[in-house]
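Undergrad: Before anything else, here's the structure in question.
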Amino acid sequence: MMTTRTRFAPSPTGYLHVGGIRTALFAWLLARQKNGQFVLRFEDTDKKREVEGAREHLIKSLKTLGLEYDEGPDIGGPFAPYTQSERLDSYKKWAKKLIDSGRAYADPYTPEEVQAFRDEARAAKKPFLYRNHRPENPPVWDGTTPLRFKSDPKSYDWHDEVMGDLHTGPEVIDDIVLIKSDGYPTYNFAHIVDDAEMEITHIIRGQEFIASTPNYLNLYEALGIERPAIATVPHIMGPDGNKKLSKRDGAKDVLDYVRDGFLPQALVSFIATLGWNDGTTQEIFTAPELIEKFSLDHVQRSGARFDEQRLTWINGHYIRGLAIDDLYQQAQQFLPGEADTYDENYRKAVLGLVQERLKYFAELPQLTRFFFIDLPVDPALIGSHKQLKKLESTELKNLLEQARAAIETSDFSVADLTDRLNTLLETTGQKPAVLFSLVRIATTQAPASPGLAETLAVLGKETSLRRIDAMLASL
RNA sequence: GGCCCCUUCGUCUAGCGGUUCAGGAUAUUUGGUUCUCAUCCAAAAGAUCGCGGGUUCGAAUCCCGCAGGGGUCACCA
33 MMTTRTRFAP
43 SPTGYLHVGG
53 IRTALFAWLL
63 ARQKNGQFVL
73 RFEDTDKKRE
83 VEGAREHLIK
93 SLKTLGLEYD
103 EGPDIGGPFA
113 PYTQSERLDS
123 YKKWAKKLID
133 SGRAYADPYT
143 PEEVQAFRDE
153 ARAAKKPFLY
163 RNHRPENPPV
173 WDGTTPLRFK
183 SDPKSYDWHD
193 EVMGDLHTGP
203 EVIDDIVLIK
213 SDGYPTYNFA
223 HIVDDAEMEI
233 THIIRGQEFI
243 ASTPNYLNLY
253 EALGIERPAI
263 ATVPHIMGPD
273 GNKKLSKRDG
283 AKDVLDYVRD
293 GFLPQALVSF
303 IATLGWNDGT
313 TQEIFTAPEL
323 IEKFSLDHVQ
333 RSGARFDEQR
343 LTWINGHYIR
353 GLAIDDLYQQ
363 AQQFLPGEAD
373 TYDENYRKAV
383 LGLVQERLKY
393 FAELPQLTRF
403 FFIDLPVDPA
413 LIGSHKQLKK
423 LESTELKNLL
433 EQARAAIETS
443 DFSVADLTDR
453 LNTLLETTGQ
463 KPAVLFSLVR
473 IATTQAPASP
483 GLAETLAVLG
493 KETSLRRIDA
503 MLASL
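Residue numbers for the first sequence follow the working numbering, beginning at 33 and rising by one.
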């Protein structure tokens with residue numbers, strides 16, 4: 033049996049957004065599941081659109097998400113090179129085959145002339161077909177004009193691994209450009225040659241290629257190449273409407289999510305289930321589970337919307353499941369700058385307390401700042417509290433003084449603090465909503481915080497008493 | 001305009017002729033978990049399965065129309 037070989041073949045024209053990475057993920061999953069190979073190939077045949085640094089960025093994106101490839105531009109492999117601009121000889125060789133067999137010819141028209149044909153078709157509200165203007169006696173191709181495929185228009189029935197059985201008529205087949213006047217091949221030609229030479233068995237690509245697939249089928253025949261399996265996945269749509277998710281509309285770089293503190297495993301699970309499921313009610317998958325369960329025929333045929341809320345939920349789920357050391361390792365760089373002066377144990381303790389209320393790491397400064405610096409006393413916290421605002425400041429002061437006295441002799445373990453605070457509830461006859469809120473506000477000056485005893489235990493006696501004193505002074 | 005694809009709760013989806021007056025998740029709302037926020041646990045609300053015909057004893061599921069959305073018709077990929 034042939035080993036499964038899949039590829040991800042981006043053009044180095046920018047960063048990778050969620051829609052793009054999904055194609056890579058599916059290809060990677062398929063290769064891993066079948067114990068095959070996953071190949072990275074750069075399709076850099078349009079020099080005008082190329083963006084500096086895009087290659088490194090693409091590689092970093094794949095590696096960050098754990099989609100490691102077996103062969104690629106930077107690591108080589110048995111079919112190197114893996115960059116199209118370095119494979120021009122291959123394309124010329126295959127092009128010559130077509131010329132020799134009468135299946136390719138020089139395009140004798142100027143770009144303006146072709147454009148005129150196009151305008152004509154558009155004015156007549158008909159699809160543009162170059163072959164309607166196919167020259168009778170084209171000149172010998174000298175490499176300075178486009179080389180076109182002499183197509184053989186016919187109907188096609190083919191099977192798409194995702195879309196199912198597809199059919200088109202001969203009217204969609206045209207004389208596509210194989211090699212441009214600048215000497216570089218078009219995607220249409222290059223990917224077919226490369227996939228054949230690199231022994232790719234499965235092509236996974238976006239919906240925009242479905243319309244040109246019949247042309248590829250025609251080309252495979254002329255080249256005598258057996259076509260790989262083709263899987264066309266739908267686009268991921270933007271959150272607001274029905275349009276394709278695109279960089280123009282603000283689709284974020286996957287690395288931006290990582291920068292905001294989204295975990296790679298959460299991104300992978302989210303992207304995989306955006307248009308795929310295993311048929312059960314399982315909602316979140318680890319990479320090994322995905323590798324085991326993924327299948328192309330469960331990929332959705334309609335485009336899914338990108339819902340950041342769902343990603344946020346999955347990320348929170350993964351964060352909660354992290355062991356404290358893993359959490360520390362991944363999250364410590366997101367702590368506020370003030371945290372630098374505290375030791376590892378203290379910072380770990382803080383992370384442990386906020387772990388279950390963390391959706392993504394970029395929230396950490398806001399959630400934890402009061403653990404590292406004394407925030408100024410904020411009267412609004414009392415003023416907006418529905419119980420505390422009803423009390424006179426002398427009452428508040430009295431309560432807070434009792435609280436201070438109660439914890440002053442504590443060893444500041446969670447258990448002892450809990451005991452003392454509970455005893456205080458009885459002796460003062462106050463409800464937790466009043467007493468605990470007051471102490472919590474005094475010691476944190478934050479609208480929200482983890483549980484009171486836990487927070488005090490981490491803050492420690494000195495800090496807790498100092499903040500209570502500051503609060504007392506302001507009442 | 002031609003051709004092609006798609007259409008189930010706001011969102012992601014299960015469903016592949018009967019066990020479904022459509023199940024799960026998320027989001028929303030409410031209640032509980034000694035204070036806040038969150039977690040967790042309950043519960044509520046939320047889809048005439050795009051519309052209209054047919055086939056069938058029976059259709060979200062099969063067929064045909066229509067509508068809406070998307071893609072494509074580049075010397076871009």
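Think of the CB as a built atom: it goes at the ideal place given N, C-alpha and C, for glycine as much as any other residue. Everything numeric in this text was worked out from a predicted model, so none of it was measured.
Measure the alpha-carbon distance for T455 versus S442 and round it to whole angstroms.
TA: Answer to the nearest angstrom: the Cα atoms are 13 Å apart.
Undergrad: Just tell me which of E315, S334, G311 has its CA closest to the CA of K276.
TA: The candidate whose alpha carbon is nearest that of K276 is S334.
Undergrad: Starting from the Cα of H417, find the closest Cα among V466, A136, G384, I242 and give me that residue.
TA: H417 has its Cα closest to that of V466, out of V466, A136, G384, I242.
Undergrad: For Y114, which residues in the same chain have their Cβ closer than 6 Å to its Cβ, ignoring the five residues on either side in sequence?
TA: Counting only Cβ-Cβ distances below 6 Å, and skipping sequence neighbours, we find R73, G104, P105.
Undergrad: Just verifying my parser: in three-state terms, what is the DSSP assignment at F294?
TA: Correct three-state label for F294: coil.
Undergrad: Would you mind giving the Cβ-Cβ distance between R163 and D214, rounded to the nearest angstrom? I have them listed as a contact below 8 Å.
TA: Contact flag wrong, Cβ pair sits at about 23 Å.
Undergrad: Could you check which residue in M230, K182, M195, R291 has the C-alpha nearest to that of N247?
TA: Nearest of M230, K182, M195, R291 to N247, Cα basis: K182.
Undergrad: Got a sec? Which residues, its chain only, sit under 6 Å from L413 by beta carbon, not counting five neighbours each side?
TA: Around L413: I473.
Undergrad: Drop a sphere of 10 angstroms on the beta-carbon of N377, count the other beta-carbons inside from all chains shown, and report buried for 16 or more, exposed for fewer.
TA: Exposed.
Undergrad: With burial defined as no fewer than 16 other Cβ atoms inside 10 Å of the residue's Cβ, what is the status of T245: buried or exposed?
TA: Counting Cβ neighbours within 10 Å, T245 comes out buried, since at least 16 surround it.
Undergrad: Using the C-alpha atoms, what's the distance from K95 back to E168?
TA: Taking the straight line joining both Cα atoms gives about 51 Å.
Undergrad: List the endpoints of the continuous alpha helix (DSSP H) containing Q398.
TA: Element bounds for Q398: 396 to 404.
Undergrad: Rounding to the nearest angstrom, what Cα-Cα distance links Q65 and R150 in this structure?
TA: Near 45 Å, if we compare the C-alpha coordinates of R150 and Q65.
Undergrad: Nearest to D292 by alpha carbon, out of H223, Q362, T264?
TA: When only C-alpha atoms are compared, the closest one is Q362.
Undergrad: Report yes or no: do the region 225 to 241 and the region 130 to 145 share at least 3 C-beta pairs separated by less than 8 Å?
TA: These segments do not touch.
Undergrad: What does the alpha-carbon distance come out to for the pair A136 and E152?
TA: So the alpha carbons of these two residues sit roughly 25 Å apart.
Undergrad: Spell out the partners DSSP gives Q69 in its beta bridges.
TA: Answer by DSSP bridge pairing, in chain order: R37.
Undergrad: Near K493, which residues of its chain fall below 8 Å by C-beta distance, leaving aside the five closest residues on each side in sequence?
TA: Counting only Cβ-Cβ distances below 8 Å, and skipping sequence neighbours, we find I439, E440, S442, F444.
Undergrad: From T264, L61, N67, pick the residue whose C-alpha is nearest to that of F241; which is it?
TA: Here the closest residue by C-alpha is T264.
Undergrad: Specify the secondary structure class of V83 as computed by DSSP and reduced to three states.
TA: Coil.
Undergrad: Considering A136, what are the terminal residues of the beta strand (DSSP E) in which it resides?
TA: Note, A136: beta strand (DSSP E), 136 to 138.
Undergrad: I'd like to know whether the C-beta atoms of L161 and R180 end up nearer to each other than 8 Å.
TA: Against a cut-off of 8 Å, the Cβ pair of R180 and L161 comes out as no contact.
Undergrad: What residues are listed by DSSP as bridge partners for M269?
TA: According to DSSP, which records beta bridges pairwise, M269 is partnered with K276, R337.
Undergrad: Tell me the DSSP secondary structure of P44 in three-state form.
TA: Note: P44 maps to coil in three-state DSSP.
Undergrad: Under the assumption that L367 contacts R379 (Cβ atoms under 8 Å), give the Cβ distance between them as a whole number of angstroms.
TA: L367 to R379, Cβ: 6 Å. Contact.
Undergrad: In the DSSP assignment, what residue or residues form a beta bridge with W308?
TA: In the DSSP output, where bridge partners are listed per residue, W308 has V331.
Undergrad: Considering Y219, what are the terminal residues of the alpha helix (DSSP H) in which it resides?
TA: Taken as a continuous stretch (DSSP letters only), the alpha helix (DSSP H) holding Y219 covers 219 to 229.
Undergrad: Counting along the chain, where does the beta strand (DSSP E) carrying R200 start and finish?
TA: The sequence shown places Thr at residue 200, rather than the Arg named in the question. 196 to 200 is the span of the beta strand (DSSP E), which, as asked, contains T200.
Undergrad: Compare the Cα-Cα distances from D184 to each of V204, P408, D197 and report the closest residue.
TA: When only C-alpha atoms are compared, the closest one is V204.
Undergrad: Within a Cβ cutoff of 6 Å, which residues of the same chain sit near S117, ignoring the five residues on either side of it in sequence?
TA: Closer than 6 Å at Cβ, skipping near neighbours: D76.
Undergrad: Going by CA-CA distance only, name the one from V409, I257, A156, D139 that's closest to H165.
TA: Of V409, I257, A156, D139, the residue nearest in Cα terms is D139.
Undergrad: Do you know whose CA, among G52, F40, T38, lies nearest V286's CA?
TA: Measuring from the Cα of V286, the nearest candidate turns out to be G52.
Undergrad: Can the beta-carbon of F404 be found less than 8 Å from the beta-carbon of Y360?
TA: No; because the gap between Cβ atoms is not below 8 Å, this pair is not in contact.
Undergrad: Where does A59 fall in DSSP's three states?
TA: Helix.
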